[in-house]
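Right, one structure below, let's go through it.
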Ligand SMILES: C[S@@+](CC[C@H](N)C(=O)[O-])C[C@H]1O[C@@H](n2cnc3c(N)ncnc32)[C@H](O)[C@@H]1O
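Okay, here's the thing in structure tokens:
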């Protein structure tokens, strides 16, 4: 059931909330996701303050969430319990990283490399978190089979619910463990591996804004002294686990491109290439196991 309110009243409420602190873009995100008022509609209200709007949730519920956000610095996505990512709406809980917009591009890099007709396709997502990448791959290739790995039981529980909600739990297997360790039975068989591993150097992680550092899991972010601990392990195991001709796609920190390319070369992979994110930052690397695609 909707909650009707005069536009002028809503705009006044918005001004009052922002006087207490916080970012306007975040409050508008809350109004959109929880209140059901799209950003464009909010702009229109300024032109027509006499009209009435219908909120999906009562204003006091939105205010309580906003106040909790201001007092605890907890990300709104955790307080609301969900977030948009690509064309999906995903559940997010503390224990699973909030999926970032830049990571969406890993899916496009994957679909650009793997021909849809190459079936049966076996792929893995290392460090699945909320399951965002695994779910998007399972939706992109309905006939494929995937394995989503994470060390965190909490993250895997969130991934399971997201896959279940989108009816993909039958084609994606969840395995708990460290990187390649739960994939011993897939040696030489994976046609695609994607990973957005923890890659932030510990000293940089320690200085992150509190909303990220104190509320999102350190296991998802802290990549060790130089940020490359996980990527070293992943690169080192790629040859043994990829099928001949199989691809690996990695996300990394803004200043790690040459180091990651070197690790992929050193692992014996070929067609090693860097890719930019939407802001032009070298954010991804792709590489291929030599040999003919089966
Ligand atoms: C940057 S998050 C990425 C989550 C998700 N794929 C995404 O893009 O939003 C890294 C993930 O790696 C997981 N992780 C950390 N160390 C791991 C390990 N040794 N083995 C498997 N997963 C690990 C974390 O729990 C976290 O879910």
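Numbering (the working numbering), first residue to last: 1 to 294.
Ideal Cβ positions, reconstructed from N, Cα and C, are used throughout, including at glycine.
How about residue i and residue j: are their beta carbons less than 7 angstroms apart?
i, j, result
"residue 273", "residue 286", "yes"
"residue 129", "residue 96", "yes"
"residue 196", "residue 103", "yes"
"residue 172", "residue 157", "no"
"residue 200", "residue 223", "yes"
"residue 206", "residue 238", "no"
"residue 132", "residue 94", "no"
"residue 230", "residue 263", "no"
"residue 66", "residue 12", "no"
"residue 169", "residue 141", "no"
"residue 249", "residue 194", "yes"
"residue 187", "residue 220", "no"
"residue 68", "residue 79", "yes"
"residue 271", "residue 283", "no"
"residue 86", "residue 136", "yes"
"residue 277", "residue 105", "yes"
"residue 37", "residue 30", "no"
"residue 166", "residue 74", "no"
"residue 192", "residue 123", "yes"
"residue 54", "residue 8", "no"
Looking at the unbroken alpha helix (DSSP H) that takes in residue i, where does it start and where does it end?
i, result
"residue 92", "Looking at the DSSP string, residue 92 is not in any alpha helix (DSSP H), and its letter there is neither H nor E."
"residue 164", "153 to 165"
"residue 237", "229 to 241"
"residue 30", "24 to 33"
"residue 9", "7 to 19"
"residue 168", "From DSSP, residue 168 is part of no alpha helix (DSSP H); its letter is neither H nor E."
"residue 205", "202 to 206"
"residue 181", "No alpha helix (DSSP H) contains residue 181, which DSSP labels as neither H nor E."
"residue 211", "210 to 213"
"residue 275", "Premise fails: residue 275 lies in the beta strand (DSSP E), 270 to 276, not in any alpha helix (DSSP H)."
"residue 144", "Segment: none, residue 144 is in no alpha helix (DSSP H) and carries neither H nor E."
"residue 257", "257 to 266"
"residue 221", "218 to 221"
"residue 226", "That residue, residue 226, is in no alpha helix (DSSP H); it is neither H nor E in DSSP."
Can you determine whether any heavy atom of ligand 1 sits closer than 6 angstroms to the C-beta of residue i, and answer yes or no?
i, result
"residue 40", "no"
"residue 150", "yes"
"residue 179", "yes"
"residue 186", "no"
"residue 225", "no"
"residue 202", "no"
"residue 162", "no"
"residue 81", "no"
"residue 133", "yes"
"residue 359", "In the structure as shown, the chain begins at 1 and stops at 294. Residue 359 is therefore absent and cannot be evaluated."
"residue 142", "no"
"residue 127", "yes"
"residue 139", "no"
"residue 244", "no"
"residue 285", "no"
"residue 111", "no"
"residue 94", "no"
"residue 124", "no"
"residue 198", "yes"
"residue 99", "yes"
"residue 219", "yes"
"residue 136", "no"
"residue 153", "no"
"residue 54", "no"
"residue 103", "yes"
From which residue to which residue does the beta strand (DSSP E) around residue i run?
i, result
"residue 67", "Here residue 67 belongs to no beta strand (DSSP E); instead the alpha helix (DSSP H) covers 59 to 72."
"residue 54", "52 to 55"
If I'm right that residue i touches residue j with Cβ under 8 angstroms, what's the distance once you round it to whole angstroms?
i, j, result
"residue 91", "residue 56", "Wrong, their Cβ atoms sit about 17 angstroms apart, outside the cutoff."
"residue 125", "residue 134", "4 angstroms"
"residue 281", "residue 252", "Actually they do not touch by this definition, with Cβ atoms about 10 angstroms apart."
"residue 62", "residue 26", "With 8 angstroms as the limit, residue 62 and residue 26 do not qualify as a contact, their Cβ atoms being about 12 angstroms apart."
"residue 24", "residue 52", "Between residue 52 and residue 24 the Cβ distance is about 23 angstroms, and since that is not below 8 angstroms, they are no contact."
"residue 243", "residue 190", "6 angstroms"
"residue 47", "residue 28", "Incorrect: roughly 16 angstroms between the Cβ atoms, too far for contact."
"residue 160", "residue 174", "6 angstroms"
"residue 152", "residue 84", "Actually they are not in contact, since the Cβ atoms of residue 152 and residue 84 sit about 23 angstroms apart, beyond 8 angstroms."
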